[in-house]
Amino acid sequence: MGKLSVVCVVGVGLLLGGCQSVNTTNGGAVGVERKQYMFSMLSSQQVDQMYAQSYQQTVGEANSKGVLDKTSTNAKRLQAIAKRLIAQAPAFRPDSAQWDWEVNLIKSDELNANCGPGGKIIFYSGIIDQLKLTDDEIAAIMGHEVAHALREHSRESMSKAYGIEIAKQGAGALLGLGQDSLGLADTVVNYSLTLPNSRSNENEADLIGLELAARAGYNPNAAITLWEKMSRQSQSAPPEFMSTHPASASRIAALEAAIPKVMPLYQQASKNR
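Each residue of the sequence shown is one higher than the one before, counting from 1 in UniProt numbering.
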């Protein structure tokens, strides 16, 4: 039994059955089948809503400062790439077809990008410009980030944080968890949303992202050139993206091993375009 499962059973199992065992996505050609444990009082909709508020605040602040980019060539590239990737997301998660997807580009030297719960995508221009990303490489990053959202890795991390907190406080803490108390600690939510993903979560996002990009007609080999660029960049001044997405030799090797599984999908998509 994994650590998260143990926390759920000990911390909240007495009253609520603790965590629910789920598998948020289909396995796909890459075969991501790990069971996940989600805190039963923290729904996907609640996490999506929490993140959407934060996302809108970020976008609103960027707009007020005049750095929200809707018209540049890169902004148009992002929209086109996102459209193709989002169209493939239901292959892993059918309900994602109903998500309220958003894609925004912020003018900033920051080398970062993410896709939050519910399909909220942000890229910062620095990661495109400084790494001179091709469309295929942008798709590799975006596919990886979308995969985190599809697998609900943020909710999984939050579930673990809630479980640990309740285990510390004792089962009696559950009596105070009403409809308005998902702020059991705002710090728990913020902490779990900004923590680096676990190695297993990163591996899942790499594999699903690789397949999403391939299904959308983007060359999966771009994932290798992307992480090679990341590795070179991190040797001088590590970008923000690298703090949660370290580029290691083992990561690149795992991607190389998975490429043959998705190459037929890329070749088929290329024929159909």
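For every residue, glycine included, the Cβ atom is placed at its ideal position computed from N, Cα and C.
This structure is a prediction, so every number in the text was calculated from the model and none was measured.
Buried or exposed by the 16-neighbour rule on C-beta atoms within 10 Å, applied to residue i
{"i": "Q45", "result": "exposed"}
{"i": "P117", "result": "buried"}
{"i": "S96", "result": "buried"}
{"i": "V260", "result": "One point to set straight first is that residue 260 is Pro, not Val, in the sequence displayed. P260 is exposed by the Cβ-count criterion."}
{"i": "S181", "result": "Any reading at S181 must be qualified, since the residue scores a pLDDT of 46, below 50, and its modelled position is unreliable; the value itself is stated next. Exposed, since its Cβ has fewer than 16 Cβ neighbours within 10 Å."}
{"i": "D48", "result": "buried"}
{"i": "P211", "result": "The sequence shown places Glu at residue 211, rather than the Pro named in the question. Answer is buried; the Cβ neighbour count reaches 16."}
{"i": "A223", "result": "buried"}
{"i": "N63", "result": "exposed"}
{"i": "A205", "result": "buried"}
{"i": "Q88", "result": "buried"}
Residue i, DSSP secondary structure in three states
{"i": "K76", "result": "helix"}
{"i": "V22", "result": "strand"}
{"i": "N63", "result": "helix"}
{"i": "L42", "result": "coil"}
{"i": "D95", "result": "helix"}
{"i": "Y266", "result": "helix"}
{"i": "V47", "result": "helix"}
{"i": "D206", "result": "helix"}
{"i": "E256", "result": "helix"}
Alpha-carbon spacing of residue i relative to residue j, whole angstroms
{"i": "M38", "j": "S157", "result": "9 Å"}
{"i": "Y218", "j": "Q233", "result": "23 Å"}
{"i": "A258", "j": "I122", "result": "27 Å"}
{"i": "H153", "j": "T225", "result": "25 Å"}
{"i": "S21", "j": "L207", "result": "21 Å"}
{"i": "Q98", "j": "A249", "result": "37 Å"}
{"i": "V30", "j": "Y51", "result": "28 Å"}
{"i": "R155", "j": "A140", "result": "23 Å"}
{"i": "A149", "j": "C115", "result": "6 Å"}
{"i": "A254", "j": "Y162", "result": "32 Å"}
Below 8 Å, can you find three or more Cβ-Cβ pairs linking the segment 120-137 to the segment 73-81?
Flag = yes, the segment 120-137 and the segment 73-81 touch.
Output the residue ranges of the beta strand (DSSP E) runs that lie fully inside the segment 112-160 and measure 3 residues or longer, sorted by chain position.
Secondary structure within the segment 112-160: the beta strand (DSSP E) runs of 3 or more consecutive residues, fully enclosed, are 113-116 and 120-124 (chain order).
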